[in-house]
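First comes the structure, then the notes that go with it.
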Amino acid sequence: MKYHRPRGIMTAGPAEPSAMVTVGMGAGAVPNMKATEVALHDGLISTSQNAWPSAAVDLGAVLSIGARLMPAGFYYKTFMATPAFWNTIAEPVIRRAAGFGKVPSGPDPDRYDHRHVHTDVLIIGAGPAGLMAALAAGLSGARVILADRGETLGGSLLPSSPRIGEQSALEWVDRTSKELAAMPEVPLLPRTTVIGLYDQGFALALERLPPRAGARERLWHIRAKQIVLATGVEERPLIFPDNDRPGVMLASAARVYLERHAVLAGRSPVIFTNGDQAYETAFAYARAGARPRAIVDLRPAVSERLSSEAETQGIQLLEGASIVAVRGGRRVRGVTVRQISLGGEGVSGRAIHVACDAIFVSGGVSPVLHLFAHAEGRLAWDEENACFRPAASLPGVTVAGGANAARLLEECLEQGAAAGMECARSAGFDAKAIAAPRVSEPATARAEPIMIAPGPRRFERAKGKLFVDIQNDTTAADIALAGREGFSSVEHMKRYTLTGFGTDQGKLGNVNAIAVLAAATGRAIGETGHTTFRPPYTPVSFGALAGYERGDLLDPIRVTAIHDWHAANGAVFEDVGQWKRPWYFSRSDEDMQAAVRRECLAVRENVGVLDASTLGKIDCTGPDAAAFLDRIYTNVMSSLPVGSVRYGLMCKEDGMVLDDGTVTRLAADRFIVTTTTGGAARILDWFEEYQQTEWPHMKVYFTSVTEQWATVAVAGPKARTLLERIASGIELDPKRFPFMTFREGSIAGIPARVFRISFSGELSYEVNVLWWHGEAVWKAVMEAGRDFGVTPYGTETMHVLRAEKGFIIVGQETDGTVTPFDLGLGGLVSKKKKDFIGLRSFAREDTRRSDRKQLVGLLPEDADFVVPEGAQIVARHVELNRVGQFSPPDDGGPIYREGALSPVAMLGHVTSSYFSPALGRSFALALMKGGRAKIGATVHLPLEARTISARVVEPVFYDKENKRRDG
């Protein structure tokens, strides 16, 4: 990222830090793909992305000259002189030089698929342990999913792997795969990486689909009763000077390319190792016709079997030795080797120069436990095996094979068989134990726990760069510097040095980084700890996450039955939840302010009509409907007479307001509940959840009828006069049709339910008709009121009118931290009911504090100035001290201050603010600490350009006696 040094392929899987390419062209290009995970196919297009003008000539490599100026955290120390310099020069240059791909600007032309599935046992990894687990679980009759990131099953098994039973390893894989494929309840998912493991057996898996499959990727949502983690191990590199040169590769990767793809990664390689594992790579290359030059082993002595085989193959064996230098820039040309001195902390003796074209390294293995950690499994350092492994078992998750630190193939098979059997039994099946096949394999010694190769100098001062995180160019010296500067926590070191922040998420270098930090701070690796593993395990495209929910399907656009009329008559729409609602109706010569002023005056002085169809409507039916609503709402609903309406609040368990609306009793066992527009789906789901999980004995049923009923609200002093012209079967006299009741009859000859509800404070009727009659009734209302100027109005006018009356809007006057008492609606909290959701929380000390934020009104001293919503409220007059724009003062003092005083405490904030044509001035609603005790006081609102003073008043500004409600 920093130095633009030439890099080659390092691995054969998802841990690849270097070989990043952009695959595809144009809008379909996918940046930052690991070449080691891209299957070759006809027509594949890929380009290099971290070099300019080309990979052969990368001018960015000039940055290596200034390497001393770019230690860990250099951008914090060098380029933060002024915010302007950082924002306009330093940060863009650093990002441009970072070497990551460019995101296409056009819409993604590819398709993505989603699948949802339940299974009894999910097995992650189809190596020897995973295949045995699938076989054991599948034979029990359990539903089993076997997922593996590889193109084929078998995991780490190669043609040269030890024989399993009487077969070669690959013959055993083929036979077992066919046996599993014949089981109808065992789908096999190759090319599928499980990217996240979550609570209650939920996993996300990303399947790479072949070309011309109809979709590029498929995201699986899997619910499993039991999970087997057979994810194997990742080989670790060693840390030595210039260990990033092209040609340096993991020994296991070199063997994979040879035996699986018939590709020699080097014709005269040197093998550098601290254990037995890499020897098989050396011998395989010798058998394939290559000439390995030497095996450099950090251990002082190796087994007779290995040394004899090396001699037979003509490979020089250098025991107790270390690579201290690498020759070559654009490719490896040779190494310098010296003997490790007594004590193992340095080197001694003469230098041995070995010509080679590749270095195959092996520094031990790390169990792949990222998914285990995703599910909050704890890891502990295993000194004996020099790796992190599960510290304790995790309910519903069984770790088997290499992931559980099994070293031998036969051990992996045995653990897999046992894991599959136990998981099937835990899922409720009578699984039988199956015998793991015998494996004839030589004994192997454990790797020496050496991550940093000894050299003539300690690693902090070594000549050449000892890379730990190759993608982010983090060196051992960088990590040591972080330790010296106080970043001794592994999490702090990670962020300071960017270790593990790349697309490989540090899979290759994390353990080595911890080892370096431990050495630099004088601690053991186990004491140092490890970083937090977070999903996804490998990068996932946004397209795969979105699936079909993109473009017009991202969030459905919903319109009311009257939408076409609105659009044809000057409506400007706003998005409210998924709905398009008229914001205001503009005439040719009007801006928004003029239109809203006209609409407000029409409702206050004449009559206006609002499309309120988007409000959520839930039909609650059943013998326990009344009792259920009593538990949901803070006030009593069971006492509501048939034909009456009651306003109510719903709270969460913490006592905070969740939603509001009206409840109308249609019959003894039937209610219509209204919700906010944006909360309709949430509240329906909430009702269902409580009925199914908390009170399943209650007989009550819920049906969303939002789109079955269109609602036309007629409001204003002349509302009754207008409706009398088109209503039949309904007596509109206020004595026969009082406030908060409903009647059934006809409007314009169409059957209707009419509710006496007012959100404006004026005489108001809400006419509900079947959805497809909505536009007809709307037109009838407009025609009936034509002679006295009936005016359609939108949501902005509705907001002004309700705020004048002090009516709240959930989500505007509430934010999840507001109780009914904070809003002055304590009268809606029943003192008679034994229980309802939120009741206990009202007894908490915190919810009873007198200094909680409370709803109040504000009247700005400048009656023409509308205070911005969200403006902060303070007790004394202060001015914004600006340097540039919202920059801190040069002396580091507070932004808001009076002279040189300390910052002023915030009292609250403005929730709603408008200009009121009825009042002839601006006004606002606000949540303020101890607000009701401050009625009559003056407060101040510091803004960018000025500070506004305002008087605190009651939150009801208009018709406090409710005289206009009945006309």
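Using my numbering, you'd call the opening residue of the sequence shown number 15 and step up by one each time.
In this text, a Cβ means the ideal position worked out from N, Cα and C, and glycines have one as well.
Predicted, not measured: the structure shown is a model, and the values here were computed from it.
Closest residue to residue i among the options (Cα-Cα distance)
{"i": "G289", "options": "A279, S321 and E958", "result": "S321"}
{"i": "T720", "options": "F99, I744, I686 and A741", "result": "I686"}
{"i": "A217", "options": "Q240, L223, P204 and R226", "result": "Q240"}
{"i": "I464", "options": "M197, N486, V530 and E505", "result": "V530"}
{"i": "G334", "options": "D492, R770, G348 and E359", "result": "E359"}
{"i": "T166", "options": "R177, F971, F716 and L145", "result": "L145"}
{"i": "V453", "options": "K446, V361, N649 and P142", "result": "P142"}
{"i": "Y562", "options": "R109, A65 and R125", "result": "R125"}
{"i": "T635", "options": "V671, F716, V610 and R177", "result": "F716"}
{"i": "G74", "options": "G584, A265, V107 and F835", "result": "V107"}
Under 7 Å between C-beta atoms of residue i and residue j
{"i": "S32", "j": "M39", "result": "no"}
{"i": "S170", "j": "A183", "result": "no"}
{"i": "S336", "j": "I309", "result": "no"}
{"i": "G981", "j": "S855", "result": "no"}
{"i": "V714", "j": "F642", "result": "yes"}
{"i": "A534", "j": "G497", "result": "yes"}
{"i": "V881", "j": "P956", "result": "no"}
{"i": "D483", "j": "G523", "result": "yes"}
{"i": "V728", "j": "V623", "result": "yes"}
{"i": "R946", "j": "Q868", "result": "yes"}
{"i": "D683", "j": "P637", "result": "yes"}
{"i": "L941", "j": "A817", "result": "no"}
{"i": "I448", "j": "A150", "result": "yes"}
{"i": "R157", "j": "D122", "result": "no"}
{"i": "R472", "j": "G342", "result": "no"}
{"i": "L136", "j": "I159", "result": "yes"}
{"i": "W579", "j": "T628", "result": "no"}
{"i": "T832", "j": "D673", "result": "Here residue 832 turns out to be Val, not Thr, going by the sequence shown. No, they are not a contact pair."}
{"i": "G152", "j": "V200", "result": "yes"}
{"i": "A65", "j": "D56", "result": "no"}
{"i": "E776", "j": "R978", "result": "yes"}
Reduced DSSP category for residue i - H, G, I as helix; E, B as strand; rest coil
{"i": "P45", "result": "strand"}
{"i": "N583", "result": "coil"}
{"i": "G906", "result": "For G906, the pLDDT reaches just 46, beneath the cut-off of 50, and the residue's location in the model is therefore unreliable, leaving the point undetermined."}
{"i": "V880", "result": "coil"}
{"i": "C665", "result": "strand"}
{"i": "P31", "result": "coil"}
{"i": "F850", "result": "coil"}
{"i": "K239", "result": "strand"}
{"i": "R911", "result": "At R911, the pLDDT of 42 sits below 50, so the modelled position is not reliable and the matter cannot be decided from this model."}
{"i": "T628", "result": "coil"}
{"i": "K91", "result": "helix"}
{"i": "T25", "result": "coil"}
{"i": "F99", "result": "helix"}
{"i": "W66", "result": "coil"}
{"i": "A372", "result": "strand"}
Integer Cβ distance of residue i from residue j, believed to fall under 8 Å
{"i": "V586", "j": "S600", "result": "6 Å"}
{"i": "R250", "j": "G378", "result": "5 Å"}
{"i": "L872", "j": "F821", "result": "With 8 Å as the limit, L872 and F821 do not qualify as a contact, their Cβ atoms being about 16 Å apart."}
{"i": "S930", "j": "F879", "result": "Contact doesn't hold; Cβ gap of about 13 Å is too wide."}
{"i": "L233", "j": "H128", "result": "5 Å"}
{"i": "V346", "j": "D371", "result": "6 Å"}
{"i": "E613", "j": "T735", "result": "Not quite, the Cβ-Cβ distance comes to about 19 Å (not below 8 Å), so this is no contact."}
{"i": "W792", "j": "I576", "result": "5 Å"}
{"i": "V504", "j": "G469", "result": "V504 to G469, Cβ: 24 Å. No contact."}
{"i": "A794", "j": "I761", "result": "7 Å"}
{"i": "G246", "j": "A417", "result": "6 Å"}
{"i": "P255", "j": "K477", "result": "6 Å"}
Contact with chain D by residue i, beta-carbon distance below 7 Å
{"i": "I528", "result": "Looking at the structure shown, chain D is missing, and only one protein chain is on hand."}
Report task. Evaluate the contact criterion for the segment 506 to 516 versus the segment 91 to 103: three or more CB pairs, one atom per stretch, below 8 Å. Result -> no
Requested in this report: Say whether the segment 882 to 891 touches the segment 915 to 930, bearing in mind that this needs 3 or more beta-carbon pairs closer than 8 Å, one atom from each stretch.
Outcome: yes
Query raised in the report: Below 8 Å, can you find three or more Cβ-Cβ pairs linking the segment 650 to 658 to the segment 798 to 814?
Result: no
Query raised in the report: Is the number of C-beta pairs between the segment 255 to 275 and the segment 292 to 305 that are closer than 8 Å three or more?
Result: yes
Query raised in the report: Looking at C-beta atoms only, is the number of pairs between the segment 388 to 408 and the segment 219 to 227 that lie closer than 8 Å three or more?
Result: no
Requested in this report: Evaluate contact between the segment 548 to 557 and the segment 203 to 216, counting only Cβ atoms and requiring at least three cross-stretch pairs below 8 Å.
Outcome: yes
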